[in-house]
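Here the protein sequences come in this chain order: A and B. Number 192 in the working numbering belongs to position 152 of the first sequence; there are no gaps in the numbering. Number 205 in the working numbering belongs to position 186 of the second sequence; there are no gaps in the numbering. For every residue, glycine included, the Cβ atom is placed at its ideal position computed from N, Cα and C. If you're wondering where the values come from, they're calculated on a predicted model, not measured in any experiment. Input: a single structure, listed below in structure tokens.
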Amino acid sequence: MVLYNLRMALKSLKRNPVLSGLMVGGIALGIGVSTVFVTAFHIFSMNPAPEKSESLFYVKIDNWDPNRPWNDDDPSSTPSQITYRDMVGIMESDIPTFHGGSFKTSVFIHPDPEIGRPYKALSRMCFADFFQLFDPPFEYGSGWDRNSDSGPEAVVVLDHETNQKLFGGENSLGRMVRVEDREFNVVGVLKQWRPFPKYYDPHNGAFEKPENIYMPFEHFRPLEIRSAGNTSNWKDFDWSDFDQYLASEAIWIQMWVQLDSPDQKGAYMSFLNSYTDSQRELGRMQRPNNNKLLNVMEWLDDREVVPEEATSLMIISLLFLVVCALNLIGILLGKFLTRAPEVSVRRALGASRLSVFVQHIIECETIGIFGGFLGILVAVLGLRAVNSLFAGETFEFALDTHMLLQAILLSLVAGLIAGLYPAWRICSIPPATYLKEQ
Amino acid sequence: MLNMKQVTKVYRTDTVETHALNSIDIQVSAGEFAAIMGPSGCGKTTFLNVAGLLDTFEAGTYHLDGQDVSRLSDSQMSRIRNQKIGFIFQSFNLIPDLDVYDNIDVPLRYRRMSSKDRRASILQALHTVGLDARKKHLPSQLSGGQQQRVAVARALVGEPKLILADEPTGNLDSQMAAEIMELLSRINQEGCTIVMVTHDQSIADRAKRRVNLLDGKVVENPTETPAPIRSVAGFAGVKSQR
Ligand SMILES: Nc1ncnc2c1ncn2[C@@H]1O[C@H](COP(=O)(O)OP(=O)(O)OP(=O)(O)O)[C@@H](O)[C@H]1O
Ligand SMILES: [Mg+2]
């Protein structure tokens with residue numbers, strides 16, 4: 041019966057190819073536009089570290105003002121970064137498989153004068169474990185080892201672009217780079233790396249590129265480097281005094297740990313709680329324990345990294361699809377009602393109201409499906425246009441099977457929206473009325 | 020076969036109330052070939068629509084093939100139409116997009132039937148009406164008489180017990196009308212009950228029984244009928260005149 045109805049639907053579509061083309065085109069436009077924006081939304085809300093997203097945890101500690109929560113509107117909120125002293129304190133723990141705080145800053149790089157003038161580059165101050173936690177791909181060499189953290193040794197990891205700039209893309213392991221007023225030894229060069237979003241530090245632009253160079257965290261102290269990212273504070277101190285800065289309640293460090301089992305996670309959580317308990321005894325952290333371990337997706341949710349525009353554009357594009365479908369209602373109604381005599385004959389010959397309804401819904405869904413396939417083509421072209429806006433990036437907006445299925449599903453829904461009322465109208469006509477004349 | 024008691028059908032519009040069927044009593048026995056006659060507007064089509072479960076009625080009872088069909092759901096009525104009743108209309112009412120074969124196929128599509136059985140039934144019906152060679156023609160490629168023969172084939176393909184025909188020869192010239200009547204008589208002889216509306220006395224004369232309708236009421240007039248008529252009993256032993 042479905043096949044029969046399908047055949048009837050195709051016959052009906054063939055009868056008026058121009059009208060059918062317009063209807064299919066309308067759905068295709070709606071599907072195309074909505075698929076582009078749903079895909080964009082999907083990419084913005086993608087899991088950037090699918091393999092590790094359940095074992096990487098962002099650490100939050102509540103060192104905030106006893107009189108005011110971190111977020112006035114949400115008493116259960118915990119500050120989004122931690123202080124230097126707390127990072128040092130909790131890095132005493134040997135429970136995590138890997139751990140380390142890091143922050144973004146900017147430093148002067150002094151290239152060989154033959155190559156160019158000194159320039160400002162973004163740098164991430166981090167620990168050896170950073171490269172284990174986030175697995176950036178290496179072109180040459182690797183990250184430094186834990187021993188180089190203390191000291192700290194004058195080692196540096198360059199990103200692909202910086203290695204291009206300074207060394208023409210050659211294997212630069214062992215070469216020296218001058219950062220600020222010191223020489224650093226290149227131990228690793230990254231390949232193109234574009235975590236999307238930049239989950240390890242989504243502050244100041246969750247979809248920004250990663251930093252250009254990576255240096256052992258403790259160099260920040262002799263170089264007196266401060267964070268170039270967000271810093272928040274609630275308790276006054278003398279900002280010009282670097283030691284006061286380090287001992288302050290100012291938060292500017294992103295702390296990550298890898299905990300591979302629930303036991304490990306439980307143990308680390310108790311460690312954090314006993315750490316904050318002990319700090320409370322020292323007169324700090326007068327708020328109740330409110331430590332948090334957020335896995336990657338929880339953390340991105342917490343930061344609300346999906347741009348509001350992506351969400352609202354997706355919703356608007358879906359509404360646009362609904363409008364496209366609603367537009368079809370009038371056309372379909374007219375088309376179906378001119379067929380009243382034929383339907384009445386079918387009714388006389390034994391078609392129930394339901395089978396007439398089903399026949400016409402299937403016709404609408406046929407239009408929907410054709411529109412869906414054409415719409416996928418529109419979406420592919422649309423995404424190509426979007427990609428050309430992001431030319432030179434290593435990520436790409438592309439359709440996957442999930443999105444294809446979704447486009448087909450949406451086209452079925454659109455067909456249903458367009459078809460329900462006309463199909464109901466045509467199935468409820470009184471057959472006797474239309475049999476008298478033809 | 021068909022037994023209506025006190026059936027009333029009222030059409031209400033803003034200004035008038037038409038008693039299209041005015042507590043009509045009529046019985047048609049199995050195997051009969053009845054011609055319904057009467058002036059225009061007397062309710063003949065309305066009677067066929069009610070008899071064919073295409074329309075509901077306000078009062079009275081209606082038994083079809085022994086079953087009370089006075090108050091049924093849409094799907095029950097559709098099933099009875101599909102399995103027990105065949106319709107033939109004055110204006111043929113073929114589906115213009117479907118070829119002859121597919122038109123005859125329509126009633127079979129609304130019952131469970133294998134495609135093999137369907138095909139056999141359709142070819143058989145085509146053979147009965149003598150249109151074997153035209154099964155790929157569209158209705159627009161056929162003469163009026165041929166179209167009506169397709170409609171007859173479509174009415175009988177489901178092997179109904181009752182065929183309801185509303186002026187089946189009204190749009191045909193006398194030659195073609197005679198052919199259709201021939202066909203209907205033959206179908207009737209094979210056991211199918213036929214109720215036919217007509218304006219044409221000579222056509223009506225070919226039926227075994229005549230029923231006159233006037234203002235929604237039955238006026239049976241045995242003196243005008245050439246064959247002895249018992250209004251309730253069947254027609255066993257009576258030959259149709261040809
Ligand atoms: N849908 C309707 N709404 C209102 N009145 C109707 C409707 N259908 C039929 N009638 C009225 O019911 C009466 C019977 O109509 P019906 O069509 O049964 O007549 P008929 O005997 O078939 O006439 P004809 O020989 O012209 O076909 C007429 O007076 C007609 O005006
Ligand atoms: Mg009539």
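Annotation: GLY209(A) to LEU198(A) spans about 11 Å, alpha carbon to alpha carbon.
Relative to ligand 2, the beta carbon of ASP185(B) is positioned inside 8 Å of a heavy atom. For HIS156(B), there is no enclosing alpha helix (DSSP H), as DSSP marks it with neither H nor E. Taking a C-beta cut-off of 8 Å against chain A, the contacting residues of the stretch 118-131 of chain B are VAL125, PRO126, ARG128, TYR129, ARG130, listed in chain order.
At a cut-off of 9 Å, the C-beta of PRO58(B) has no neighbouring C-beta in chain A. Scanning the stretch 199-278 of chain A for uninterrupted beta strand (DSSP E) segments of 3 residues or longer gives 216-219, 222-230, 253-256, listed from N- to C-terminal end. In this structure, the alpha-carbon of HIS82(B) lies about 6 Å from that of LEU21(B). Look at the stretch 381-399 of chain A: the residues with a C-beta under 9 Å from a C-beta of chain B are PRO381, GLU382, SER384, VAL385, ARG386, ARG387, ALA388, LEU389, GLY390, ALA391, SER392, ARG393, LEU394, SER395.
Close to chain A, meaning a Cβ-Cβ distance shorter than 7 Å, are the following residues of the stretch 104-116 of chain B: PHE106, PHE108, SER110, ASN112, ILE114, ASP116. In chain order, GLY140, SER142, TYR254, PHE257 place their CB closer than 7 Å to the CB of CYS166(A), counting only its own chain and leaving out the 5 sequence neighbours on each side.
Rounded to the nearest whole angstrom, the C-alpha separation of SER352(A) and TRP110(A) is 28 Å.
One alpha carbon belongs to LEU145(B), the other to THR37(B), and they sit about 41 Å apart. In this model, VAL297(A) and PRO88(A) are separated by some 16 Å (Cα to Cα). In the structure shown, TYR129(B) falls within a coil segment according to DSSP collapsed to helix, strand and coil.
In the three-state DSSP reduction, THR34(B) falls in the coil class, being neither helix nor strand. Cβ-Cβ distances below 8 Å link TRP274(A) to TRP104, ASP105, ARG108, GLU289 in the same chain, with the five nearest sequence neighbours on each side left out; the list follows chain order. Contact between GLY408(A) and ALA454(A) holds, since their C-beta atoms are separated by about 5 Å, short of 8 Å. For the C-beta of PRO471(A), the chain B residues within less than 7 Å are, from N- to C-terminus, LEU73. By the Cβ criterion, the stretch 206-222 of chain A is in contact with the stretch 145-152 of chain A, since at least three pairs of Cβ atoms, one from each stretch, lie closer than 8 Å. Beta-bridge annotation (DSSP): LEU394(A) is not paired with any residue.
The three-state secondary structure of PHE410(A), taken from DSSP, is helix.
When C-beta atoms of the stretch 352-362 of chain A are compared with those of the stretch 65-82 of chain B, fewer than three pairs fall below 8 Å, so the two segments do not count as touching. ALA54(B) and ILE43(B) have their C-alpha atoms some 16 Å from each other. Among the bridge pairs identified by DSSP, ILE104(B) is matched with LEU181(B).
ASN101(B) reaches chain A at LEU389, GLY390, ALA391, SER392, counting residues in chain order whose Cβ is nearer than 9 Å.
In this structure PRO158(B) does not touch LEU203(B) by the C-beta definition: roughly 20 Å separates them, more than the 8 Å allowed.
Looking only at ALA388(A), ASN252(A), PHE410(A), GLU403(A), the smallest Cα-Cα distance to PHE376(A) is reached by GLU403(A). Between ligand 2 and the CB of THR64(B), the shortest heavy atom gap is smaller than 8 Å. For TRP104(A), DSSP records no beta bridge to any residue. Residues of chain A whose Cβ lies closer than 9 Å to the Cβ of THR64(B) are, in chain order, ALA472, LEU475, LYS476. Sequence-distant partners of PRO126(B) (beyond 5 residues in either direction) whose C-beta falls short of 7 Å from its own C-beta, in its chain, are ASN101, ARG173, VAL176, GLY177. With a cutoff of 8 Å, LYS476(A) counts as near ligand 2, since its C-beta is closer than that to a heavy atom of the ligand. Within the stretch 40-88 of chain B, the alpha helix (DSSP H) runs of at least 4 residues that lie entirely inside it are, in chain order, 63-70.
VAL216(B) has its Cβ nearer than 8 Å to a heavy atom of ligand 2.
For ASN187(A), there is no enclosing alpha helix (DSSP H), since its DSSP letter is neither H nor E.
Distances from the CB of GLY71(B) to the heavy atoms of ligand 1 are all 8 Å or more.
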